[in-house]
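S.K.: Questions regarding the structure given below will be posed in turn.
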């Protein structure tokens, strides 16, 4: 019986090997998952010890301490990749079906433990109806993809129309609070402040877009259009890359349909509502992949691009630089173990070290030079503020034990095994690019690690989704046993069917809104000058009340739009006011402004009244509070604070 089992396993060795790797990846994930949550009470306490009452009001609402979770997971993933390959390879060599059965049982236990929870699923579901629609999608999609293959104009026409409707037709409003993180620092740039005098929450690259609009006197509402165009261009570029990279000409269409269905239609809000989730911030990795595909991972242009990103896109530039160096390290380790020509291990290390030093030293020098330039340009304050956000835990939260991320975590190990298992059949340049993509996926995970909200998995799904499609392409192209003809094309169709089952109601709702707006010619935004619409008539009220004074400081959820609309220069390193970290610093800064005869315009109710009282008490000041409102919108009111008798001599205006 045992001999028969071994004979069967030998005949289908590739299938057996992949099943071993898959089960081993989930088994090891379960082990590391258990260790992670066992020790988590310790590293969750490694944030800077700060009393919540010492933090500024808005920042305090985003405080949830996750300690060193980000760094722990990043380190664990790297160890996990190596362990998955080593353990899977060992089990394959001994060909024990009993160990395989044990791994399968543990994998099932892990799957049962974490479940399969769609990130941010819609509330209204109809399981039977959704199942029928998913089944229909599973059956029909391969026929649709085959239909596209008849004519090239059908292929490119579909891609263009699908991307146009999905990306360039909005279904929601701009988030003034989120876009303000680039509008306010852009105004500081416009008014001549040095880079070292500005805190860039979303880095210089994103801030440059509102800066150019302000410089060219173009309506700031077009920021939403820029965000939408970035999605459109990104998906066109991603599709063209997939067309060149995938061996199977059908996979790029499956990939594009699945990815847009997740990233655009499964999201709980419009894709352009929040600027920080645009490809301009989260998908710059595509430039590294395109450059590696064109020039190779060792080309000096990689160092130049990373160096540039360290300046203009600092947060992700730093992550991608670390990822690039880790990629080089892993390639070095792989080549050391793959070198069969050297008599001993030490000689192999010396040989590969010399080879890699020759290939990479120029890139490392370029990166180091650009890093020093970045420090000189931005100064230490910006880096200190960014580090403070991280060390305190502002905006960070703990990863759920039932998060969908743990499936992604497990698949990374399987993907790494697939790459090494088929390494001998892959072009060296192709293999290196795949390793780079894997580590870029790990690096992009930082965006999820930081906040750990499930919707962030959707926001960075593009590079995650590349991994299973590349794995599928490699397995199909290099494994004669697993080539299954037409059946093979139902595997990505099954993936799409799962998406339909999980998100059909949200996909349907968003698609209906898009088609309605398309019918009425609304191609990019629901209202022109929407930011002015949101401010309403407050502009005229403020101008009338302050007699058009430029010495006004705003504490709102859209500071930059007020400054821009009223032509006022924003004061303070931290702009908008919502990113002030410590309350004492805010109290000190606002007290200084009041002494300089500034008026404070506050639209946020609550603790700011106490802050003003503290300022008055600390500085022995007599402060005047006035509330002004607009007759056309009684619910809207502004609180205006100034020094009594020393600021503008204005009586309260009543409407």
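Residue numbers (our numbering): 573 to 1227. Ideal Cβ placement from N, Cα and C applies to all residues, glycine included.
Have a look at residue 813 and residue 977 and give me their C-alpha separation to the nearest angstrom.
M.R.: As a working mapping, residue 813 is identified with position 241 in the chain shown. As a working mapping, residue 977 is identified with position 405 in the chain shown. Straight-line Cα distance between these residues: approximately 26 Å.
S.K.: Do you know offhand how far residue 767's Cα is from residue 999's?
M.R.: If you number the chain shown from 1, residue 767 lands on position 195. If you number the chain shown from 1, residue 999 lands on position 427. Using only the alpha carbons, I get a separation of about 44 Å.
S.K.: Just grab the DSSP bridge partners of residue 1211 for me.
M.R.: Counting from one through the chain shown, the residue named residue 1211 turns up at place 639. Looking at the DSSP assignment, residue 1211 forms a beta bridge with 1174, 1199.
S.K.: According to DSSP, simplified to helix, strand and coil, what is residue 1014?
M.R.: The residue labelled residue 1014 in the question sits at position 442 within the chain shown. In this structure, residue 1014 counts as helix in the three-state DSSP scheme.
S.K.: Determine the DSSP secondary structure at residue 1154, reduced to helix, strand or coil.
M.R.: Reading the chain shown from its first residue, position 582 is the one you call residue 1154. It is a strand residue.
S.K.: Check each candidate in 611, 797, 788, 891 and name the one with the smallest Cα separation from residue 1015.
M.R.: Locating residue 1015 in the chain shown gives position 443, where the first residue counts as 1. The shortest Cα separation from residue 1015 among 611, 797, 788, 891 belongs to 891.
S.K.: Would you kindly work out how many angstroms separate the C-alpha atoms of residue 1181 and residue 1162, rounded to a whole number?
M.R.: Translated into positions along the chain shown, residue 1181 becomes position 609. Translated into positions along the chain shown, residue 1162 becomes position 590. Distance between the alpha carbons of residue 1181 and residue 1162 is about 12 Å.
S.K.: Give the range of the alpha helix (DSSP H) segment to which residue 1125 is assigned.
M.R.: Counted from its first residue, the chain shown places residue 1125 at position 553. Unbroken run through residue 1125 is the beta strand (DSSP E), 1124–1127; no alpha helix (DSSP H).
S.K.: How is residue 1193 classed by DSSP in three states: helix, strand or coil?
M.R.: If you number the chain shown from 1, residue 1193 lands on position 621. Coil at residue 1193, not helix or strand.
S.K.: Helix, strand or coil, according to DSSP, for residue 788 in the structure here?
M.R.: Taking the first residue of the chain shown as position 1, residue 788 is located at position 216. In this structure, residue 788 counts as coil in the three-state DSSP scheme.
S.K.: Based on Cα-Cα distance, which residue from 981, 992, 763, 593 lies nearest to residue 783?
M.R.: On the chain shown, position 211 is the one that residue 783 refers to. Ranking 981, 992, 763, 593 by Cα distance to residue 783 puts 763 first.
S.K.: Return the CA-CA distance between residue 1072 and residue 1156, expressed in angstroms with no decimal places.
M.R.: As a first step, residue 1072 is located in the chain shown; it is residue number 500 there, counting from the start. As a first step, residue 1156 is located in the chain shown; it is residue number 584 there, counting from the start. Between residue 1072 and residue 1156, the C-alpha separation is close to 50 Å.
S.K.: For the alpha helix (DSSP H) that residue 1081 lies in, which residues bound it at each end?
M.R.: In the chain shown, the residue the question calls residue 1081 occupies position 509. Start and end: 1062–1091.
S.K.: When you compare each of 888, 592, 651 to residue 660 by their alpha carbons, which one comes out closest?
M.R.: For the purposes of this step, residue 660 is taken as the residue at position 88 of the chain shown. Per the Cα distances, 592.
S.K.: Less than 8 Å between C-beta atoms, sequence neighbours within five positions excluded: which residues of the same chain meet that for residue 652?
M.R.: To locate residue 652, count along the chain shown from 1; it is residue 80. These residues qualify, in order along the chain: 600, 601, 604, 981, 984, 985.
S.K.: If you drop the 5 nearest sequence neighbours on each side, which residues of the same chain put their C-beta closer than 6 Å to that of residue 663?
M.R.: The residue you call residue 663 lines up with position 91 of the chain shown. Same-chain partners within the cutoff: 592, 671.
S.K.: Closest to residue 711 by CA distance: which of 1198, 909, 1067, 650 is it?
M.R.: If you number the chain shown from 1, residue 711 lands on position 139. It is 1067.
S.K.: Around the C-beta of residue 1110, are 16 or more other C-beta atoms found within 10 angstroms, so that it is buried, or is it exposed?
M.R.: Sequence index remark: in the chain shown, residue 1110 carries index 538 (1-based). With 16 or more Cβ atoms within 10 Å of its Cβ, residue 1110 is classed as buried.
S.K.: Hey, could you find the ends of the alpha helix (DSSP H) residue 1036 is sitting in?
M.R.: Your numbering for residue 1036 matches position 464 in the chain shown. It spans 1033–1050 - the alpha helix (DSSP H) in which residue 1036 sits, taken as one unbroken run.
S.K.: Just to confirm the assignment: which complete alpha helix (DSSP H) runs, minimum length 4, are found wholly within the stretch 789–858?
M.R.: As far as the stretch 789–858 is concerned, its whole alpha helix (DSSP H) runs of at least 4 residues are 794–817, 823–832, 851–854.
S.K.: Among the residues of its own chain, which have a CB less than 6 Å from the CB of residue 1129, if the five just before and after it don't count?
M.R.: Counting from one through the chain shown, the residue named residue 1129 turns up at place 557. For residue 1129, where only same-chain residues beyond five positions count, the Cβ hits under 6 Å are 749.
S.K.: Applying the criterion that 16 or more other CB atoms from any shown protein chain within 10 Å of the CB defines a buried residue, is residue 1033 buried or exposed?
M.R.: Position 461 of the chain shown, counting from 1, holds the residue named residue 1033. Burial call: buried.
S.K.: Should residue 1199 go down as buried or exposed, given a rule of 16 or more other Cβ atoms within 10 Å for buried?
M.R.: The residue given as residue 1199 occupies position 627 in the chain shown. Under this definition residue 1199 is an exposed residue.
S.K.: Contact defined as beta carbons within less than 8 Å: I believe residue 528 pairs with residue 803. What is the distance between those atoms, to the nearest angstrom?
M.R.: This structure cannot settle anything about residue 528, because the visible part of the chain is limited to 573 through 1227.
S.K.: If you check the beta carbons only, do residue 1191 and residue 1167 fall under 9 Å apart?
M.R.: The residue labelled residue 1191 in the question sits at position 619 within the chain shown. The residue labelled residue 1167 in the question sits at position 595 within the chain shown. Yes, the Cβ-Cβ distance between residue 1191 and residue 1167 is below 9 Å.
S.K.: Considering only the alpha carbon of each residue, which of 863, 884, 979, 1147 lies closest to residue 685?
M.R.: In the chain shown, the residue the question calls residue 685 occupies position 113. It is 979.
S.K.: Per DSSP, what are the beta-bridge partners of residue 627 in this structure?
M.R.: Within the chain shown, the letter at position 55 stands for residue 627. In DSSP, residue 627 forms a bridge with 1154.
S.K.: Give the DSSP-derived three-state secondary structure of residue 946 in the structure shown.
M.R.: Counting from one through the chain shown, the residue named residue 946 turns up at place 374. Note: residue 946 maps to helix in three-state DSSP.
S.K.: Going by the beta-carbon positions, is the gap between residue 862 and residue 809 smaller than 9 Å?
M.R.: By one-based count along the chain shown, residue 862 stands at place 290. By one-based count along the chain shown, residue 809 stands at place 237. Contact: yes.
S.K.: Quick check: the Cα distance between residue 1056 and residue 894, rounded to an integer number of angstroms?
M.R.: Translated into positions along the chain shown, residue 1056 becomes position 484. Translated into positions along the chain shown, residue 894 becomes position 322. Low per-residue confidence applies at residue 1056: pLDDT is 49, beneath 50, and the placement is therefore not dependable, though the value from the model is reported in the following sentence. Each residue's Cα considered, the two are about 39 Å apart.
S.K.: Of the choices 1093, 1146, 1171, 1131, whose alpha-carbon is the least far from that of residue 1120?
M.R.: For this step, residue 1120 is matched to residue 548 along the chain shown. Among 1093, 1146, 1171, 1131, the Cα nearest to that of residue 1120 belongs to 1171.
S.K.: Who are the near neighbours of residue 859 in its chain, counting only those whose CB is closer than 7 Å to its CB and skipping five residues on each side?
M.R.: In the chain shown, residue 859 corresponds to position 287, counting from 1. Cβ neighbours of residue 859 beyond the five flanking positions: 877.
S.K.: Among the residues of its own chain, which have a CB less than 6 Å from the CB of residue 589, if the five just before and after it don't count?
M.R.: As a working note, residue 589 is residue 17 in the chain shown. Excluding residues within five positions, the ones whose Cβ falls inside 6 Å are 664.
S.K.: Just to confirm, is the Cβ distance from residue 1045 to residue 789 under 9 Å?
M.R.: Within the chain shown, residue 1045 is the residue found at index 473, counting from 1. Within the chain shown, residue 789 is the residue found at index 217, counting from 1. No.
S.K.: Distance, Cα to Cα, residue 815 vs residue 825?
M.R.: Mapped onto the chain shown, residue 815 falls at position 243. Mapped onto the chain shown, residue 825 falls at position 253. Going from the Cα of residue 815 to the Cα of residue 825 covers about 9 Å.
S.K.: I need the straight-line Cα distance from residue 745 to residue 1018, nearest angstrom please.
M.R.: Here residue 745 refers to the residue found at position 173 of the chain shown. Here residue 1018 refers to the residue found at position 446 of the chain shown. Rounded to whole angstroms, residue 745 to residue 1018 spans 27 Å at the Cα level.
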